[in-house]
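Asks:
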Amino acid sequence: MNKEQLILVGNGMAGMRTLEELLAIAPDRFDITVFGAEPHGNYNRILLSPVLAGEKTVDQIMINDLDWYAERGITLHAGREVIAIHRARREIEATDGTVARYDRLLLATGSTPFILPIPGNDLPGVIGFRDIHDVETMLAAAQTGQHAVVIGGGLLGLEAANGLMKQGMQVTVVHVLDTLMERQLDPAAAELLRAHLEERGLRFLMGANTAALIGEERVRAVHFKDGLEIPADLVVMAVGIRPNIALAKKAGIYCERGIVANDTLQTYDPRIYAVGECVQHRGQCYGLVAPLWEQARVCANHLARYGIGRYQGSVTSTKLKVTGVDVFSAGEFSGGPGCDEIVLRDQARGVYKKLVIKENRVKGAVLYGDTIDGSWYFQLLRENTDIGAFRESILFGQAHLGDAGHGGGNNVLAMPDTAEICGCNGVCKGAIVKAITAQKLFTLEEVRAHTKASASCGSCTGLVEQLLAATVGDYSKTSKEKPLCACTEHSHDQVRKTIREQHLTYLRAVFEFMEWKTPDGCHSCRPAINFYLLATWPGEAQDDSQSRFINERVHANIQKDGTYSVVPRIWGGVTNAKELRAIADVADKFQVPTVKITGGQRIDLLGIKKDDLPKVWADLNAAGMVSGHAYGKSLRTVKTCVGSEWCRFGTQDSTGLGVKLEKMTWGSWTPHKFKMAVSGCPRNCAEATIKDFGVVCVDSGYELHVGGNGGIKLRGTDLLCKVATENEAMEYAGAFMQLYREEGRYLERTAPWIERVGLGYVKARLVEDEEGRQALYARFLESQRYAQIDPWAERASGRVDAHEFQPLQQVG
Amino acid sequence: MYDWHEIGALADIPRLGSRVVQTPHGDMAIFRAADDQVFALRDRCPHKGGPLSQGIVHGHRVTCPLHNWVLELDSGAAVAPDVGCATTYPLRLDNGRIWLGLNNVANLSPTVRETA
């Protein structure tokens, strides 16, 4: 069967996007021929401004090179303009006489810059700002000429002016009105923008009416109605665009301002479709990229004869692509009857934000200087969200909402999956995250290739990078429902549940039962499974030494040079002369290069050779000291202050309680490291409110705090409850630790765990459910029976894991 | 072409584990995979010199303990996206005893490996 012929007139972004969408859903329906007036492949017109500014090259903004067309069997006639459509014969005719037949014709002829009807407008050196040729003309002019005049203070004019200034020209922007970018900005934001651009070196003539362009061979000056004349070696007209409808009109297709198309992007001739800037849809012509993408998607669907989807017009937002100037605008920013305005203006910081609100719904937004929340406001606008609940803080941005922010961290994490990240291509957060996990994407380029996010104007690149970082993550973070690692499809929670339900007690059993894809897992899943086994079946599960990270295998911390550090346990940070003497003797005997006091009130011996470890431990054991587990995903330290025994402010015996807590909890394995502290009064010298479990003593008892950490993302604790006695504090500590051990994911500290499950859940399990708490506490104590064996003593005896510490052989 | 040195018994190395052999060419990490194949690599990660013998062994690969680079045990090559290579040395397994082949000149990197 012969394929149908599809001809695309216009090798620009809208037309090509339609073809890409079409090829994705119906690759074999059409033989496709593309006619383009420009002699290139397809390029990203939005990025012409960065090219002009010297921030990108022409090659970098190419979307599809010539090979792309060849690979897809598309015939490209670059540099051949279509001059006639013979609708009765279903043929088109190009400048060089080429005639081609079509079954379907797609018009994407774009727009042309509007050239003011004034004398001299056809002089050499007078151009629009539309295509690569214009940019080349400007770059050439910048080589020889000095003065450039940009007529038009809108989005495009300012981008052109900025680029020419970067190329070394003296640039004057001429604008007929008193404020810049009047279609996007209110006067206040426009004024900030003008002041900033003036500071950078642009000159402005506001309220100026151009009368004529003066010159003989080429333009040399601009003359104004009030008699003023300024020199000009180059004049760029950026006073607006007009849909390019000449071809359609000549063929008798119904046009008004643009080619009139219906909700399926069909023109009045049913075989002819139109997309992009040449289209007039429901009375609206668009000059921005996002609506074109929406049109392309709908049009492709109808060309493929799926017949799904209607284009119902677009709400648009814009950003100015001038490096270092952040401007965002969306919707009806100038307000009107029944509208309120919420405004934040910080002149010194150069920040201005205005939201137009009607009946508690966002109708428009203008942001200057800080545009990070632009996409959020735009989403509220499009979804018509009732903002009543957070109206009072809305201007402070999304990060300010609620108390769920983890140390004021990533904005993008707080966004819902439906939040739009890339406005140009209409890609939402969920789609990007899905692509990153499903396709295993690691780089920005890969995300661009797979999702198109940040592939157009690039202003959302920062957000996409944040998403990438948050999704791929560092190894200390595990996210929802993600497979545990590449060895399996199962998540952390599924693995743990199976271990419990199937009573699995050793690693190979898990691999077999859960059909692991690799014979013996990898460095990510083995330590996790080993922990889940031990935590679920204490005393019963087999601890697989080879599945532990080296630090836990040899009970010391590996350093960058392959030596180890040794930290003996110093209960509650309290030591004595005998212990210190033993530590000093070890430092002498083994020539320890560095002895350091740690942040957890202990002493670190750094630079110990691996084969010396058992001997060092033997000496420390002899003085009564045991492993401090400074290397483990386990209880680390219990930091204390001196408390009521010495301190004039102390309310309770914080040191004593700290020692008791450490004696109870040492040796326990946890999903990640676990730190505690006890402060003797609310002055909190032991910094208990940034620990996993912290006690702050008060006169009437003990405040118990949970879920804090220092580290990469600082998080203060949440108050769990207050208790009256030491025994209760101990019970809560054990129960909290057990709940975390049973339900926290491996390498998830208590801070992100609590943010995941919610403080309310932890309170429900520990505070409101007394029986449950006691059961947790009992399980904790039971598992400690198997855990509190000093690993150093075992190994110093030479009976355990001797192979870890001796070389196999010495040869030569 | 190699000097062959007997370095110990297969049973001296735990499965999915490694032992170090000290030589004039530097420390060698001798690995034993789950299938009892053995491999010898210079005990230095091509990234920052981490001791590979201390890493976690999985399949025919080892993960460096310092920054989680993953290296192929048979070729010494880093698994993408990392790029680099650790020197490999030939091993022979004979009746449960392991023999390590060392060249007289340091830093030659023969890729011949035999397992009995």
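Those sequence lines, one after another, are chains A and B. Mapped onto this note's numbering, the consecutive letters of the first sequence carry residue numbers 1 to 812. Mapped onto this note's numbering, the consecutive letters of the second sequence carry residue numbers 813 to 928. The beta-carbon is built from N, C-alpha and C at its ideal position, and this holds for glycine as well. A quick note: this is a predicted structure, and the numbers were derived from the prediction, not measured.
By DSSP, does A:S654 sit in helix, in strand, or in coil?
Replies: Looking at A:S654 - three-state DSSP - the assignment turns out to be helix.
Asks: In the DSSP assignment, what are the bridge partners of A:F204?
Replies: Answer is A:V173.
Asks: Note down the Cα distance separating A:K249 from A:P337, rounded to an integer number of angstroms.
Replies: Taking the straight line from one Cα to the other gives about 40 Å.
Asks: Would B:R831 count as contacting chain A if we go by Cβ distances under 7 Å?
Replies: Chain A contact via Cβ: present.
Asks: What number of angstroms, rounded off, separates the C-alpha of A:G600 from the C-alpha of B:D855?
Replies: Each residue's alpha carbon lies about 33 Å from the other.
Asks: Excluding the five sequence neighbours on either side, which residues of its own chain have a C-beta within less than 6 Å of the C-beta of B:L828, listed in chain order?
Replies: Within the same chain, B:L828 has close Cβ partners A846 and V869.
Asks: Check distances from the C-beta atoms of the stretch 534-546 of chain A to those of chain B and list, in chain order, the residues that come in under 9 Å.
Replies: If the cut-off is 9 Å between Cβ atoms, the stretch 534-546 of chain A has D544, S545 and Q546 near chain B.
Asks: Rounding to the nearest angstrom, what Cα-Cα distance links A:L6 and A:H450 in this structure?
Replies: Cα to Cα, A:L6 sits roughly 26 Å from A:H450.
Asks: Which of the three DSSP states, helix, strand or coil, is assigned to A:E93?
Replies: Looking at A:E93 - three-state DSSP - the assignment turns out to be strand.
Asks: Rounded to whole angstroms, what is the Cα-Cα separation between A:G110 and A:Q295?
Replies: Their backbone Cα atoms lie some 13 Å apart in a straight line.
Asks: I'd like to know if A:G812 contacts chain B, where contact means its C-beta is closer than 7 Å to some C-beta of that chain.
Replies: Closer than 7 Å to some Cβ of chain B, the Cβ of A:G812 qualifies, so yes.
Asks: Give the secondary structure of A:R448 by DSSP, where H, G and I count as helix, E and B as strand, and everything else as coil.
Replies: It is helical.
Asks: What residues in the stretch 877-898 of chain B have a beta carbon less than 8 Å from any beta carbon of chain A?
Replies: Those would be P877, L878, N880, V882 and P893, in chain order.
Asks: Tell me which same chain residues have a C-beta within less than 8 Å of the C-beta of A:Q784, skipping the five on either side of it?
Replies: Same-chain partners within the cutoff: M664, T665, G667 and S668.
Asks: Under 7 Å between C-beta atoms, does A:T488 make it to chain B?
Replies: By this cut-off, A:T488 is not an interface position.
Asks: Hey, does A:G562 have any beta-carbon neighbour from chain B nearer than 7 Å?
Replies: Yes, A:G562 lies at the interface with chain B (some Cβ there is under 7 Å from its Cβ).
Asks: Secondary structure at B:A889, three-state DSSP: helix, strand or coil?
Replies: Residue state, collapsed to three classes: strand.
Asks: Buried or exposed: which applies to A:D373, given that a residue is buried once 16 or more other Cβ atoms fall within 10 Å of its Cβ?
Replies: Buried, because 16 or more other Cβ atoms sit within 10 Å of the Cβ of A:D373.
Asks: Indicate the three-state DSSP secondary structure (helix, strand or coil) for A:R345 in the structure shown.
Replies: Here A:R345 sits in strand by DSSP.
Asks: Considering A:T640, what are the terminal residues of the alpha helix (DSSP H) in which it resides?
Replies: Counting along the chain, A:T640 falls outside any alpha helix (DSSP H), though it belongs to the beta strand (DSSP E) covering L635 to T640.
Asks: What separation, rounded to the nearest whole angstrom, lies between the Cα atoms of A:E332 and A:A70?
Replies: Between A:E332 and A:A70, the C-alpha separation is close to 45 Å.
Asks: Assign A:H77 to buried or exposed, taking buried as 16 or more other Cβ atoms, counted over all protein chains shown, within 10 Å of its Cβ.
Replies: A:H77 is buried by the Cβ-count criterion.
Asks: What does B:A852 touch in chain A if you count any residue whose Cβ is under 7 Å from its own?
Replies: The premise fails here: B:A852 is roughly 11 Å from chain A at the closest Cβ pair, so nothing lies under 7 Å.
Asks: Against chain B, does A:D520 count as a neighbour if the rule is that its beta carbon must be under 7 Å from one of theirs?
Replies: A:D520 counts as touching chain B.
Asks: Within a Cβ cutoff of 6 Å, which residues of the same chain sit near A:D817, ignoring the five residues on either side of it in sequence?
Replies: Outside the displayed span of chain A (1 to 812) sits residue 817 of chain A, for which this structure offers no information.
Asks: Show which residues of chain A have a CB atom less than 9 Å away from the CB atom of B:L912.
Replies: Those within 9 Å of B:L912 in chain A are Q809 and V811.
Asks: Do you know offhand how far A:D493's Cα is from A:L381's?
Replies: Those two C-alpha atoms are separated by around 37 Å.
Asks: What are the residues of the stretch 722-736 of chain A that lie near chain B, defined by any Cβ-Cβ distance shorter than 8 Å?
Replies: Listed by position, the residues of the stretch 722-736 of chain A near chain B (Cβ gap below 8 Å) amount to none.
Asks: Taking three-plus beta-carbon pairs below 8 Å as touching, is the stretch 576-587 of chain A in contact with the stretch 622-634 of chain A?
Replies: Yes: at least three Cβ pairs fall under 8 Å.
Asks: In this structure, does DSSP put A:T478 in helix, strand or coil?
Replies: Only weak support exists for where A:T478 lies, its pLDDT of 36 falling under 50; the value from the coordinates is given anyway. Coil.
Asks: List the DSSP bridge partners of A:Q788.
Replies: None, per the DSSP bridge assignment.
Asks: Output the distance between the C-alpha atoms of A:I151 and A:L213, rounded to the nearest integer angstrom.
Replies: The alpha-carbon atoms of A:I151 and A:L213 are separated by roughly 11 Å.
Asks: Any idea if A:A348 is buried or exposed, counting beta-carbon neighbours within 10 angstroms, 16 or more meaning buried?
Replies: Result: exposed.
Asks: Step through the CB atoms of chain A and report whether any lies within less than 7 Å of the CB of B:A846.
Replies: With 7 Å as the cut-off, B:A846 counts as an interface residue toward chain A.
Asks: Please report whether the beta-carbon of A:H196 lies at a distance below 7 Å from any beta-carbon of chain B.
Replies: Not one chain B Cβ lies under 7 Å of A:H196.
Asks: Can you find the residues in the same chain that come closer than 8 Å, C-beta to C-beta, to A:A238, ignoring five residues on each side of it along the sequence?
Replies: Counting only Cβ-Cβ distances below 8 Å, and skipping sequence neighbours, we find P113, G128, F129, V150, I151, G152, G154, L156, G157 and A160.
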